[in-house]
Structure formats: structure tokens, C-alpha cells
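In the working numbering, the protein residues as written are 29 to 322.
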Ligand SMILES: [Zn+2]
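Below, the structure is given as C-alpha cells:
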């Protein structure tokens, strides 16, 4: 039986296929839709397989491809979280307890900063391990496992998906649900890699975003078009991110072991400045953050 995938965004069945190997233990096929440019991993792992990926080992670093345990570097991460929440606050222009939903809220670090800044925080986290922790931090009725169908329409002022959308098996469904549960003028914040950035294009299949946990990959224009099609009116792309260099430099100190590590600031600064170089659909790096207003 041959099973041919459908593009999540446009339902096209026409694509190019690329292969990537991770040593002997994982092999993945990356499909690129010929019609809309969306890229995806296929076959997509089952929900059960995905859930198993986000266990304790995912955060510990013991797995070959693991994610940081943000609790160990709360202070350093909070520089970036604060910069982001301040920007969001200015953007929504609302002072009275705005409701924020962070999808992929991990241990709840960003949400606890949002709460400090006057937001009413909610989170979605598939990992039992990090969700249990953040529930203790933010309250029993604040962090949920599933997003689709969970909230009533027009409930949130802000929804954030920070390096989350690439992990989803059905990103279109999520964007539609975000649109539904956002209030009028509410904003959706998405941080992911622009697969059309020169950085991603040059590195091809070796680009670091192609890892087993990532299921979909988005050229900026493809994602922007989809957001508008779903109904978002004002879609703005910030490159490299929506805040300045300083919070990034301060955050980077979390990995520093000696004063010599401060030389890394040159590299980080150079990368950040390169991120500003873009023109229409061309950009030098692949860093981007999208703010889409309902
Ligand atoms: Zn497509």
C-alpha cells in the first residue's frame, strides 16, 4: 500500500523529498510542497510517539536530541521573557489584566514572568513532566494538556507559540483554533525559523531545524499567507526577533563557564545584526517572530 501525504496547508500531493539521517538511530524524510512551499516530516510520528518524546529525558539532556531544562537557567531566560512580554504589552495596548495563553508552556517560566507584568496566564503543555511542575507554579486550573476545543471563543488577548508551531502535526488546525479563541484585535505571536532565509537555504537538509521533534517547517511567506487566509488582518514579521540585542546577550551568560566566554558576544552580536538584513522575501538569517492581529 502506498500512502501519499497531503500538504497540511494546501492539500497538494506534489512535493520534493529530501532525506536526513541521525547516526544509526533515526532517519527522516522531509517533503517540500511544490504548491505552497510548506515543508514537513513524513510519515508524521503518532501522538503516542510524540508524547513519548517529551518525557523527562527530553529536558535532561540525556537524549541525543534534548531540550534545556529551563528551570536551571530561569534568571538568564527571564531577560528574554521580560523583553518579549514588554513588547507584547505595548502591542496590545491594554493594561487591565490581559489574558495570555502560551502554547508549549514548558515549565511555565515565561508565564510566571507574564503574570508579574499583570497578565492573566494560561498554558498548554503536552509533556506531563513539565506540565505537572508548572501547575504547581501557576495553579491547578491554568495549565492544560490539550488545546483544541478547550476554550470558548474570543477568550484571549494574546496567544504565544514560541518555537512550538514546528512541533505540531496539524499546524493549520491550531492556527484556526487560535483565531477562534482570540478576542477581536488580539494577537498571535509565532517564533519559528524562516525556511526561506538564506541561512536555511544554504545549509539545506543539514539545517539544524531538521530534527525528529520538528514536524513542519515554514517559509515566512507561506505562513504569512496562511494567517491572512484564516482571517488575521495585520501580519508583521520581526527580524531577527521583536526585541533588541541586550536581552539575548544577557541570556547567553547562562552557558558561560569562564570570562573567555564573553568573546561569544561578538558572534551573537554579529548574528543578531545580520538578522536585520532583509528585503521583501529575502533575509540573511532565518530568525523571525510573527505578530498577527485578529
Ligand atoms: Zn502546500
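Each residue gets a CB set at the ideal place from its N, CA and C atoms; glycine is no exception. It should be emphasised that the depicted structure is a prediction, and the values quoted were computed from it without experimental measurement.
Please state whether DSSP places residue i in a helix, a strand or coil.
i	result
residue 57	strand
residue 148	strand
residue 155	coil
residue 72	coil
residue 193	helix
residue 166	helix
residue 294	helix
residue 299	helix
residue 185	strand
residue 161	helix
residue 29	Because the pLDDT of residue 29 is 41, which lies under 50, any placement of that residue in the model is unreliable, and the question is left without a value.
residue 40	coil
residue 140	helix
residue 310	strand
residue 34	coil
residue 178	coil
residue 48	strand
residue 134	coil
Roughly how far, in whole angstroms, is the beta-carbon of residue i from the beta-carbon of residue j, given that I think they are within contact range, below 8 Å?
i	j	result
residue 104	residue 281	6 Å
residue 170	residue 151	6 Å
residue 195	residue 241	6 Å
residue 165	residue 184	That belief does not hold up - the Cβ atoms of residue 165 and residue 184 are roughly 20 Å apart, past 8 Å.
residue 266	residue 317	5 Å
residue 250	residue 64	5 Å
residue 232	residue 311	With 8 Å as the limit, residue 232 and residue 311 do not qualify as a contact, their Cβ atoms being about 17 Å apart.
residue 72	residue 156	About 21 Å; that fails the 8 Å criterion.
Buried or exposed, going by whether 16 or more other CB atoms sit within 10 Å of the CB of residue i?
i	result
residue 222	buried
residue 126	buried
residue 230	exposed
residue 91	Unreliable positioning characterises residue 91 in this predicted model, as indicated by a pLDDT of 49, which lies under 50. The coordinate reading is nonetheless provided below. Exposed.
residue 34	exposed
residue 131	buried
residue 268	buried
residue 303	buried
residue 334	Nothing about residue 334 can be reported from this structure: the residues present for the chain run from 29 to 322 only.
residue 29	Annotation note: pLDDT 41 at residue 29 (below 50); position unreliable, no value reported.
residue 236	exposed
residue 133	buried
residue 288	exposed
residue 118	exposed
residue 276	buried
residue 298	exposed
residue 123	exposed
residue 39	exposed
residue 106	buried
residue 290	exposed
residue 257	exposed
Hey, would you say residue i sits closer than 8 Å to residue j, going by beta carbons?
i	j	result
residue 204	residue 320	no
residue 212	residue 182	yes
residue 199	residue 193	yes
residue 244	residue 36	yes
residue 120	residue 149	no
residue 263	residue 116	no
residue 108	residue 279	yes
residue 173	residue 154	yes
residue 158	residue 175	no
* **beta strand (DSSP E) runs wholly inside the region 201-266, at least 3 long, in chain order** => Runs of the beta strand (DSSP E) inside the region 201-266: 210-221, 262-266.
* Asked: In the region 93-121, which residue ranges form an unbroken alpha helix (DSSP H) of at least 4 residues, counting only runs that do not cross its ends?
  -> Taking 4 residues as the minimum length, the alpha helix (DSSP H) runs contained wholly in the region 93-121 are 102-120, in order along the chain.
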